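Student: Numbering (our numbering), first residue to last: 1 to 193.
Take a look at the following structure, please.
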């Protein structure tokens, strides 16, 4: 298989993906920087309760288009367990649904398979790995996170407080979310690896 790396630049003033290109190219991988004015579109969307899902859909759409244009049929997204837990609680609190991101699915058109290989890794593990291997750590790239308090920031704080009280929190959340993460994958729904 062929591997490439893509980044979505939402064109917000605070986001700078420049350190990524040399790090990726030094490893012999093609790098695709996809610039989309998500920040500008977000200005019209701010204030709605589903801003995070709006931004995520926009970025995923850009990545789907990049993968298709460049001839890739699998898209590996970088969300980690903390992201999935935050999404789970955001869905519960703000939409009244028990949902989180799936770890594997096919897009509606059937031409792309999407995977989340870091779904069982903690955010701090990905940061520690990046620092230990000399990869750049890019701060949050969500336009709303730069200037406005978000639902995600609130949930992240809530989870950190709860984890301080019970260090097993994310292990328990992973177990609780597995049926939601694996929906549509019979081997995972049955608890098989």
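Beta carbons: idealized from backbone N, C-alpha and C, even for Gly.
Note that the structure is a prediction, hence the values are computed from the model and not measured.
1) As a quick exercise: from 121, 22 and 78, pick the residue whose alpha carbon is nearest that of residue 114.
2) Report the partner residues of residue 106 according to the DSSP bridge assignment.
3) Report the CB separation of residue 15 from residue 66 in whole angstroms; it is logged as a contact under 8 angstroms.
4) By the 10 Å Cβ neighbour count, where 16 or more other Cβ atoms means buried, how is residue 166 classified, buried or exposed?
5) Given 8 angstroms as the limit, is there contact between the region 91-99 and the region 67-75, that is, 3 or more CB pairs closer than that?
6) In this structure, what does DSSP give as the bridge partners for residue 219?
7) From which residue to which residue does the beta strand (DSSP E) around residue 137 run?
8) Give the DSSP bridge partners of residue 6, in chain order.
Tutor: With the structure as the only source:
1) Put simply, of 121, 22 and 78 the residue whose alpha carbon is nearest the alpha carbon of residue 114 is 78.
2) For residue 106, which the question treats as bridged, DSSP gives the partners 113.
3) So it is not a contact: roughly 17 angstroms between Cβ atoms.
4) It is exposed - the Cβ of residue 166 has fewer than 16 other Cβ atoms within 10 Å.
5) Short answer: they don't touch.
6) With the chain covering only 1 through 193, there is no way to say anything about residue 219.
7) The continuous stretches of beta strand (DSSP E) do not include residue 137, and DSSP gives it neither H nor E.
8) BP columns for residue 6 point to 32.
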